[in-house]
């Protein structure tokens with residue numbers, strides 16, 4: 358049976374984070390609040406746990422989950438190349454609603470799905486999430502909902518959809534913002550917006566200078582499309598975006614290799 362903790366109570370919050378961290382280490386699933394909506398997460402380095410997360414949501418390996426981290430240092434260990442602007446974007450907008458898609462460190466022992474060598478990373482601005490992440494390390498986190506259903510903005514909504522598939526629910530109250538994170542692809546020479554969100558392109562350009570805007574349906578796709586990229590459809594516990602870049606063979610979720618198809622709470 359699932360265990361539910363009211364994080365508004367200091368003692369319950371402490372106990373809940375400890376229980377959730379233990380559950381993650383055992384490869385189980387937990388639901389946690391983020392600064393956007395609720396996320397369902399697990400150990401990013403356990404292929405079995407990640408497979409269980411995808412199964413609980415009802416989706417396949419072509420929709421790999423993004424990764425939440427508790428610090429910029431933790432993110433840097435997952436990323437081979439931040440490009441010319443990755444560090445500046447982290448320092449300006451993290452913790453916060455900005456997901457960065459980068460080339461993953463090749464030596465990592467994990468399997469998030471069909472990522473084509475990339476990872477979508479975000480550091481959320483939520484105290485409960487950050488406390489948990491500092492206990493567990495990087496977590497694979499997707500929006501706390503069944504695929505195709507509305508993302509949960511409360512713990513109760515997550516329970517209704519996910520039930521006993523989740524070991525621990527951390528109830529952080531109603532989500533403060535339903536606006537998804539902005540997703541930026543840093544695997545190209547010039548940063549590209551894969552999904553518009555809480556961080557505007559004007560804000561991004563104030564840091565990076567040139568930023569390519571989101572590809573909309575009906576426009577000609579660039580030669581090096583971001584199809585199949587992790588994080589383009591949802592990132593770190595966020596709802597599926599109706600305005601995600603035009604999909605390839607499968608709806609995207611974190612960019613992969615440059616010349617082939619690529620993809621929260």
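Residue numbers (our numbering): 358 to 622. Heads up, the beta-carbon is just placed ideally off N, CA and C, and yes, glycines get one too.
Asked: Which first and last residues belong to the alpha helix (DSSP H) in which residue 373 is found?; Found: 367-382
Asked: Excluding the 5 residues preceding and the 5 following residue 438 in the sequence, name in chain order all residues of the same chain whose CB lies nearer than 6 Å to its CB.; Found: 460
Asked: Classify residue 429 as helix, strand or coil using the three-state DSSP reduction.; Found: helix
Asked: According to DSSP, residue 389 sits in a beta bridge with which residue or residues?; Found: 396
Asked: Flag this pair as touching only if the region 413-427 and the region 490-506 have three or more C-beta atom pairs under 8 Å; answer yes or no.; Found: yes
Asked: Rounded to the nearest angstrom, what separates residue 579 and residue 560 at their Cα positions?; Found: Only weak support is given to the placement of residue 579: the predicted model assigns it a pLDDT of 44, under 50, and the question is left unresolved by the model.
Asked: In this structure, does DSSP put residue 471 in helix, strand or coil?; Found: coil
Asked: Flag this pair as yes or no: are the beta carbons of residue 495 and residue 435 separated by less than 8 Å?; Found: yes
Asked: Determine contact between the region 365-383 and the region 502-511, defined as no fewer than three beta-carbon pairs at a distance below 8 Å.; Found: no
Asked: Considering only the beta carbon of each residue, do residue 387 and residue 519 sit closer than 8 Å?; Found: no
Asked: So, with DSSP's three-state summary, where would you put residue 569?; Found: strand
Asked: Compute the Euclidean distance between the alpha carbons of residue 443 and residue 531, then round it to the nearest angstrom.; Found: 31 Å
Asked: Give me the Cα-Cα distance between residue 489 and residue 555, rounded to the nearest whole angstrom.; Found: 23 Å
Asked: Within its chain, find whatever has a CB closer than 8 Å to the CB of residue 466; leave out the 5 residues flanking it on each side and keep chain order.; Found: 402
Asked: With H, G and I counted as helix, E and B as strand and the rest as coil, what does DSSP make of residue 556?; Found: coil
Asked: Along the beta strand (DSSP E) that carries residue 360, what are the first and last residues, could you check?; Found: 360-363
Asked: If you reduce the DSSP assignment to three classes, tell me which class residue 601 lands in.; Found: Only weak support exists for where residue 601 lies, its pLDDT of 34 falling under 50; the coordinates are left without a value.
Asked: Could you pull out every residue in the same chain whose Cβ sits closer than 6 Å to the Cβ of residue 565, ignoring the five residues on either side in sequence?; Found: 442, 548
Asked: Assuming residue 551 contacts residue 533 (C-beta within less than 8 Å), just tell me the rounded distance between them.; Found: That belief does not hold up - the Cβ atoms of residue 551 and residue 533 are roughly 23 Å apart, past 8 Å.
Asked: Near residue 491, what residues of its chain come up, given a Cβ to Cβ distance below 6 Å and the 5 sequence neighbours on each side ignored?; Found: 427
Asked: In chain order, what are the residue ranges of uninterrupted alpha helix (DSSP H) at least 4 long that sit wholly in the region 453-511?; Found: 484-493
Asked: Given a threshold of 16 other Cβ atoms within 10 Å of its Cβ, counted over all protein chains shown, does residue 358 qualify as buried or as exposed?; Found: exposed
Asked: Check this for me: beta carbons of residue 546 and residue 385, under 8 Å apart or not?; Found: no
Asked: On the three-state DSSP scale, how would you describe residue 551?; Found: strand
Asked: In this structure, how does DSSP classify residue 419 when only helix, strand and coil are distinguished?; Found: coil
Asked: So the candidates are 516, 542, 472, 416; which of them puts its Cα closest to the Cα of residue 361?; Found: 516
Asked: Considering only C-alpha positions, which residue in the set 363, 455, 463 is nearest to residue 537?; Found: 455
Asked: Could you pull out every residue in the same chain whose Cβ sits closer than 7 Å to the Cβ of residue 504, ignoring the five residues on either side in sequence?; Found: 414, 415, 416
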